[in-house]
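Contents: one structure, followed by commentary.
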Amino acid sequence: MARILLLGMISGFPWVLIGSSLSLWLKEDGLSRSAIGWAGLIFGVYAFNFLWAPLIDRLRVPVLTDRLGHRKAWIITLQAVILACLLLWSTIDPTTSLALVIGAGLIIAICSATQDITIDALRIEQIDKDDARGMAAAAAVAGVGWGTGYKNGRGVTRRALLFLS
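Note that this note's numbering has the sequence shown beginning at 777, numbered continuously upward.
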């Protein structure tokens, strides 16, 4: 269950980045409410992640799938892409390159939504199919993990913004 809690936390953290932090960043840089609203459309990706779930089940991540297993390979790869986008974000001025900021945010959202699919599949695979109580407990723990990742991510982001300002 500890692993499921950790995976839930990993799943909740990107929401802070593309939600609260992005909006705050754009507001502090003086962008209009309409620009910030358009950036909020990034969340729409989560509504459609079921469309590419079968593709994620079939595609293998070269090298990593053989070493770590299918689900873990995807999680590591998606985390690496999210990290790369965050590093890119740190170098962009949204007042001059808003499209690049939103594009990187969209990639983070796609990777995060895909990661949610993969984490849910891994969680389901770790619990015995006949163990209904275990499945329910795992779903509850994953939800608590998601909330913890979201809340801790929000706290970390706030502290980082205060430090940088």
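For glycine and all other residues, C-beta sits at the position ideal for the given N, C-alpha and C.
All values derive from a computational prediction rather than experimental measurement.
Worksheet item: Just the Cα atoms here: how many angstroms apart are Gln855 and Arg836?
Response: In a straight line, the C-alpha of Gln855 is about 16 Å away from that of Arg836.
Worksheet item: Helix, strand or coil: which one does DSSP assign to Ile832?
Response: Residue state, collapsed to three classes: helix.
Discussion item. Check for me: the alpha helix (DSSP H) holding Ser888 runs from which residue to which?
Written reply: 874-902 is the extent of the alpha helix (DSSP H) around Ser888.
Worksheet item: So what's Ser797 in DSSP terms, helix, strand or just coil?
Response: Of the three classes helix, strand and coil, the one that applies to Ser797 here is helix, per DSSP.
Worksheet item: Taking the alpha helix (DSSP H) that Ala811 falls in, what are its first and last residues?
Response: Judged by DSSP secondary structure, Ala811 falls within the alpha helix (DSSP H) whose first and last residues are 809-816.
Practice prompt. Following the continuous alpha helix (DSSP H) through Ile852, name the residue where it begins and the one where it ends.
Written response: Ile852 -> alpha helix (DSSP H) spans 846-865.
Worksheet item: Taking Cβ positions, are Leu807 and Thr871 nearer each other than 8 Å?
Response: Less than 8 Å separates the beta-carbon of Leu807 from that of Thr871.
Worksheet item: Is Gly820 helix, strand or coil by DSSP?
Response: Collapsing the DSSP output to three states places Gly820 in a helix.
Worksheet entry | Close-in-space but distant-in-sequence residues of the same chain around Leu859 (CB under 8 Å, 5 per side omitted) | Shown here for Leu859: not one same chain residue has a beta carbon closer than 8 Å to its own, the five before and five after excluded.
Practice prompt. Below 8 Å CB to CB, which residues in the same chain sit around Ala811 once its five sequence neighbours on both sides are set aside?
Written response: Excluding residues within five positions, the ones whose Cβ falls inside 8 Å are Leu802, Leu874.
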